[in-house]
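Each residue of the sequence shown is one higher than the one before, counting from 18 in our numbering.
The next block holds one structure in the form of structure tokens; read it before the comments.
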Amino acid sequence: LPSRTMQVLVKDRLLQGGVKIHVSDEFLREYGVKSLEEVTYQRLVWQGAEQVLLEPEKFGTDGCMRLETDFDVTFKMSGPNGENMKCAASKDGFFRAYFPG
């Protein structure tokens, strides 16, 4: 696997009901954000032949993004003033997660 990539192997039963993505307090501190309540995310999805950003969404009350039916996601995060909270491992700043895999 390339550097800055991780692969997580889990039993199938642990993926039932989708995947949860949590954001660490350390990441939030890097952007001067005090709480995940101040952060939104926008998923990048295919609609027809082009990719579009969906409307901004808030993280759940338990502080996680829930993917109940999807097992891959590309998204961007924005802070309280709309500033982009970039993924350092991605040239375009988007976060990507693929599960299982």
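Where a beta carbon is used, it is the ideal one built from N, C-alpha and C, also for glycine.
K93 and Q59 look like a contact to me (Cβ under 8 Å); what is the Cβ gap, rounded to whole Å? 5 Å
Write down the C-beta distance between V62 and V69 rounded to the nearest angstrom, noting that I regard them as a contact closer than 8 Å. 6 Å
Chain-order list of residues whose beta-carbon lies under 6 Å from that of Y10 (same chain, five-residue window excluded): Limits of the chain in this structure are 18 at one end and 118 at the other, which puts residue 10 out of reach.
So, is F86 buried or exposed, given that buried needs 16 or more other C-beta atoms within 10 angstroms? Sequence check: residue 86 is Thr here, not Phe. That one is exposed.
Let me make sure I understand the geometry here. Which of L84, R46, T78 has the alpha-carbon closest to that of E54? T78
If you run the structure through DSSP and keep just helix, strand and coil, what is F76? coil
Distance, Cα to Cα, L18 vs R113? Caution applies to L18, whose pLDDT of 45 falls short of 50 and renders its modelled position unreliable; the value that the coordinates give is listed next. About 15 Å.
State buried or exposed for V50, treating a residue as buried only when at least 16 other CB atoms are found within 10 Å of its CB. When all chains shown are included, V50 counts as buried.
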